[in-house]
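Numbering (our numbering), first residue to last: 184 to 413. Since the structure comes first, as structure tokens, the remarks are kept for the end.
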Ligand code: APR
């Protein structure tokens with residue numbers, strides 16, 4: 184099990200108090216995706232979108248990494264082979280939990296992006312529509328979030344690593360959004376073992392060889408202990 188690739192979703196941050204998207208009372212029950220998570224929504228009402236991410240940035244700052252985040256950091260530190268965490272989450276709980284080898288494929292709420300010159304910088308706690316870019320001075324600052332219809336980040340690196348995976352795990356993701364939901368098929372094509380860690384089977388659950396069911400703060404530390412002992 185030298186190369187381990189781990190995909191995480193909102194479920195790994197749920198026990199840190201951050202809302203998931205598709206739960207009954209989740210983020211997509213409170214906001215229309217097309218209003219707050221698309222380039223068209225941002226063009227239509229930049230203040231609504233910037234305020235949506237200001238709220239999520241504040242909530243993420245208040246949250247603490249939980250036992251699942253910390254267990255993945257321990258796996259990376261103690262496993263003899265390579266561990267890569269690919270997260271769909273925009274919170275910084277993996278970094279704050281100690282993970283170093285990490286890709287934020289949907290962007291990060293603590294990062295700001297210039298729509299004019301592609302410059303990135305650390306986002307202020309409160310962004311405003313029309314903020315200027317510190318590099319090109321254009322009023323083109325936006326949240327550095329990958330919205331629906333936009334290309335997720337570092338896909339080449341992700342697919343290259345999936346092609347070399349011995350073990351692929353998906354933790355706390357519903358398998359509803361591509362390309363992330365297609366990673367398990369890619370890992371299987373590379374001959375990797377696959378495990379899904381969730382409260383319930385995801386939309387692509389049938390593609391995983393194994394399932395570990397239960398809350399991430401209990402299942403992930405136990406899974407890491409077993410991996411490190413094997
Ligand atoms: N432990 C483990 N899994 C959990 C827990 C928990 N405590 N709580 C919830 N889950 C699982 C749910 O069963 C569900 O499968 O986490 C998953 C959350 O699913 P979503 O809310 O759809 O979140 P996610 O899969 O990360 O969404 C993917 O969709 O809207 C876009 O860009 C957004 O990155 C997001 C992407």
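Ideal Cβ positions, reconstructed from N, Cα and C, are used throughout, including at glycine. A quick note: this is a predicted structure, and the numbers were derived from the prediction, not measured.
Residue i Cβ short of 6 Å to the ligand APR heavy atom set
i, result
"residue 391", "no"
"residue 381", "yes"
"residue 205", "yes"
"residue 346", "no"
"residue 307", "no"
"residue 194", "yes"
"residue 198", "yes"
"residue 337", "no"
"residue 213", "no"
"residue 398", "yes"
"residue 271", "yes"
"residue 238", "no"
"residue 287", "no"
"residue 356", "yes"
"residue 385", "yes"
Three-state secondary structure assigned by DSSP to residue i
i, result
"residue 227", "helix"
"residue 304", "strand"
"residue 232", "helix"
"residue 201", "coil"
"residue 376", "strand"
"residue 280", "coil"
"residue 290", "strand"
"residue 360", "coil"
"residue 214", "coil"
"residue 270", "strand"
"residue 353", "strand"
"residue 411", "helix"
"residue 392", "coil"
"residue 345", "helix"
"residue 285", "strand"
"residue 188", "strand"
"residue 296", "strand"
"residue 237", "helix"
"residue 324", "strand"
Distance cut-off 6 Å: residue i Cβ against heavy atoms of the ligand FAD
i, result
"residue 360", "Although the ligand FAD was asked about, the structure shown includes only the ligand APR as ligands."
Beta-carbon proximity list for residue i, same chain, < 8 Å, skipping 5 on both sides
i, result
"residue 373", "345, 346, 347, 348"
"residue 222", "330, 332, 333"
"residue 390", "367, 368, 371, 377"
Whole-number beta carbon distance between residue j and residue i, since they are thought to touch under 8 Å
i, j, result
"residue 351", "residue 370", "3 Å"
"residue 257", "residue 407", "6 Å"
"residue 208", "residue 193", "Going by Cβ atoms, the distance from residue 208 to residue 193 rounds to 13 Å, so no, they are not a contact pair."
"residue 274", "residue 201", "6 Å"
"residue 322", "residue 314", "7 Å"
"residue 386", "residue 413", "At roughly 29 Å, the Cβ-Cβ gap does not stay under 8 Å, so residue 386 and residue 413 are not in contact."
6 Å CB neighbourhood of residue i in its chain, flanking five on each side removed
i, result
"residue 195", "251, 354, 355, 399"
"residue 404", "250, 254"
"residue 333", "none"
"residue 402", "380, 395"
"residue 229", "312"
"residue 235", "219"
"residue 217", "224"
Sequence-distant residues of its chain with Cβ nearer than 7 Å to residue i (five each side left out)
i, result
"residue 304", "295, 317"
"residue 338", "362"
"residue 335", "288, 289, 329, 362"
"residue 259", "266, 282, 283, 284"
"residue 247", "199"
"residue 188", "267, 269, 344, 345, 348, 351, 370"
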